[in-house]
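Each residue of the first sequence is one higher than the one before, counting from 13 in the working numbering.
The block underneath contains the structure these notes are about, expressed in structure tokens.
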Amino acid sequence: MSENEQDARRARLEALRQAGVDPFPARVAEHTSIAALRVPWEDVSAEVLEAEMPPAAIAGRIKAHRSFGKLLFMTLVEDGVAMQVCLRKQEVTPEVFDFSKKLDVGDFVRAEGFVWRTKKGELTLDARDVTMLAKCLQPLPEKWHGLADVETRYRQRYLDLLSNEEARTTALLRSRVTTALRQFLGERGFLEVETPVLQPIYGGAAARPFTTHHNMLDQQLYLRISDELYLKRLVIGGLDRIYEIGHNFRNEGISKKHNPEFTMLECYQAFADYRDMMDLTEAMVGFIAESVLGTTSVEFQGTKLELGRPWPRITIRDAILEKTGVDMLAAADLPSLQQAVRDAGKDPGEAPTWGVLVDDLFSDYVEPTLIQPTFITDHPVELSPLAKRSSEDPRLVERFEPFIGGMEIGNAFSELNDPDDQRQRFETMGKAREQGDEEAHPMDEAFLLALEHGMPPTGGLGIGVDRLVMVLADASNLREVILFPHLRPEGD
RNA sequence: GGGCGCGUAGCUCAGUUGGCAGAGCAGCGGACUCUUAAUCCGCCGGUCGUAGGUUCGAGCCCUACCGCGCUCACCA
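See below:
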């Protein structure tokens, strides 16, 4: 016979049907989870098991299948936990033995028998009956080397999860992170809310949006680039402590730190400012690390990070001054800042405005050095259209960004609640748009109307959940912590 | 978008100077009552990413394209 493996599996599927066996039954007869079954018997001796013969039934996917003449072993896996099953020809009907011999790796079965221990000491289910739960028609990745092809790991993540322990570990870790996040915020009285993904006007960040269309309304809509403007409306409405964990969509480049859709936590606390949000951020990240890893000390890309509080708080002015010798506040317009940069022996580049040059200096000379958790604070107002002005310097805002591992993992500020100032900021952004800045914020009259109804002093915080998970999972690429990262369509 | 690298059997990978496309695992047939990467014997399995070109002859050299990775640029 020269059939390939798929054909062979199809043939066995047909044979089952011919024999009157449903290869995809709906019901699974009574069984115990493998994890739960192992617990009471893990340390019980072969002699005791032999004498007691505890009856048991388990269900799982066949991970390995080894057959001898009159003896057969297979390993079942259920929810990540494995257990060996054996069939002895003299103990089962010829039908059951024959059926079991023809099972494929990847099939799901239920096995019923007695808890037992082999001569090699392995806890095993000595089966008397085996039934089909679901046929697997495709061969699974090789048992020894697993699945290494990066593209296949992303496109067919289920294979990655099945064959690479690390993929499973990361998925579990990510889930525990969001659980811990909800626990942390819930304990502090924050309410989880949901706001629109489809928005008539996008806002809350500087980014190009994805555009879509509602057919019946004949309305252009955008996939949100941020939840911010809706969450603030809720604060105005008296929901004083709220958060949302959801996807944002930004129509930009893809890199190991950027996916077109990513998970953002945004939370807002009325009667708080950005200092309070720094306290909250430190406590939150520490709590999450402690919850999922049991420690705030983590290894990230070869460096030990201490995520416990307190984190240094450095103004963006001081950070740039320290790394470049340039004082952005002493050189408070574009030409003088450019000159200061040149005087420091560095290239000011093509930055069109003072604020952008500040941002460039920060990105080039400071950001890569922020390995240990650090708050960078007090950004130029020009870069922060939704943040409240600093009472000490109107050129700056009460804003901070937390950095870990050289990555920006969030953004936060004392929220701008002066509707007239907010209108001016929008208008400034409007001019930038006219000058070709596609990422500048569009005017949002509905949001301004909401602000005019009064928003309390409020602290707002956004955390890039994917990047935080990267740090905790020691992942070098965002795609490792996103189950289905965006890829180009498969070519031919 | 630029640069560099990669793409060979279902999976993991070899493939020499351009000279008949290979191994292990998986699969198929057989042996086997304690294996757990089972073992042993036999067999099947290929659009060498795609399309062109050079050559007597291309997995290998050249060109274009597709996909993936790294990196730079762009970008929170």
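Glycine included, C-beta positions come from ideal geometry on N, C-alpha and C.
This one's a predicted model, so the numbers in the text were calculated from it and none came from an experiment.
Chain-order list of residues whose beta-carbon lies under 8 Å from that of residue i (same chain, five-residue window excluded)
i: L203; result: L251, R253, I254 and Y255
i: L484; result: L185, V189, I300, A301, V304, L305 and V310
i: Q30; result: none
i: L317; result: S309, V310, E311, I383, Q384, P385, I416, G417 and V483
Pick from the options that is closest to residue i, judged by C-alpha positions
i: T365; options: S348, A71 and T381; result: S348
i: N260; options: D239, S267 and R245; result: D239
i: S267; options: E26, L25 and L499; result: L499
i: I248; options: A344, A123, P431 and L317; result: P431
i: F196; options: L277, T130 and A27; result: L277
i: R321; options: E294, R78, A342 and V338; result: E294
i: G466; options: D161, P52 and K244; result: K244
i: L233; options: A219, Y214 and E54; result: Y214
i: S45; options: A487, E124 and I237; result: E124
i: D449; options: T307, A63 and A218; result: A218
i: A284; options: A27, A487, F80 and F425; result: F425
i: Q18; options: A47, P106 and Q150; result: Q150
Cα-Cα separation between residue i and residue j, rounded to whole angstroms
i: L583; j: M290; result: What the structure shows of the chain is the stretch from 13 to 504, and residue 583 is not part of that stretch, so it cannot be assessed.
i: K132; j: D138; result: 14 Å
i: R21; j: E59; result: 39 Å
i: E42; j: H453; result: 58 Å
i: D456; j: P272; result: 24 Å
i: T470; j: L395; result: 19 Å
i: T386; j: A331; result: 11 Å
i: Q313; j: R122; result: 42 Å
i: L61; j: M95; result: 16 Å
i: N489; j: L174; result: 20 Å
i: F111; j: R78; result: 14 Å
i: G201; j: T191; result: 15 Å
i: T224; j: R479; result: 27 Å
i: S57; j: V209; result: 58 Å
i: Q102; j: A179; result: 41 Å
i: F438; j: V353; result: 30 Å
i: R401; j: R411; result: 9 Å
i: A69; j: Y170; result: 26 Å
i: L83; j: R100; result: 5 Å
i: M13; j: K113; result: Because M13 carries a pLDDT of 34, less than 50, the predicted location of this residue cannot be relied on, and no value is offered for it.
i: P52; j: D91; result: 18 Å
Beta-carbon proximity check, residue i vs residue j, cutoff 8 Å
i: I328; j: H391; result: yes
i: D172; j: L152; result: no
i: V205; j: L246; result: yes
i: T381; j: I326; result: no
i: G216; j: L235; result: no
i: F126; j: P67; result: yes
i: L428; j: L292; result: no
i: P221; j: N263; result: yes
i: R73; j: F120; result: yes
i: R50; j: V89; result: no
i: E413; j: E404; result: no
i: L369; j: L333; result: no
Own chain partners of residue i with C-beta closer than 6 Å, once the 5 adjacent residues on each side are dropped
i: V481; result: R186, V189 and V493
i: C98; result: F85, T136 and D138
i: A282; result: V247, D252, P468 and T470
i: D504; result: Unreliable placement is indicated for D504, whose pLDDT of 43 sits below 50; no coordinate value is reported for it.
i: L25; result: P35 and K147
i: T143; result: R122
Cutoff 7 Å; reference residue i; Cβ partners in own chain excluding five residues on either side
i: A76; result: M86, T87, V117 and K155
i: Y166; result: R491, P497 and L499
i: T181; result: none
i: M441; result: P397, A452 and H453
i: D371; result: L395
i: L460; result: P431, Q434 and R435
i: T207; result: D239, Y242, L243 and E256
i: L341; result: R329
i: T336; result: A356, K358, L373 and Y377
i: Y286; result: E410, R411, F412, A424, F425, S426 and G471
Rounded Cβ spacing between residue i and residue j (contact assumed at less than 8 Å)
i: V40; j: T275; result: Contact doesn't hold; Cβ gap of about 33 Å is too wide.
i: V104; j: R140; result: 6 Å
i: A363; j: R407; result: Not confirmed; about 16 Å, so no contact.
i: L145; j: A71; result: 6 Å
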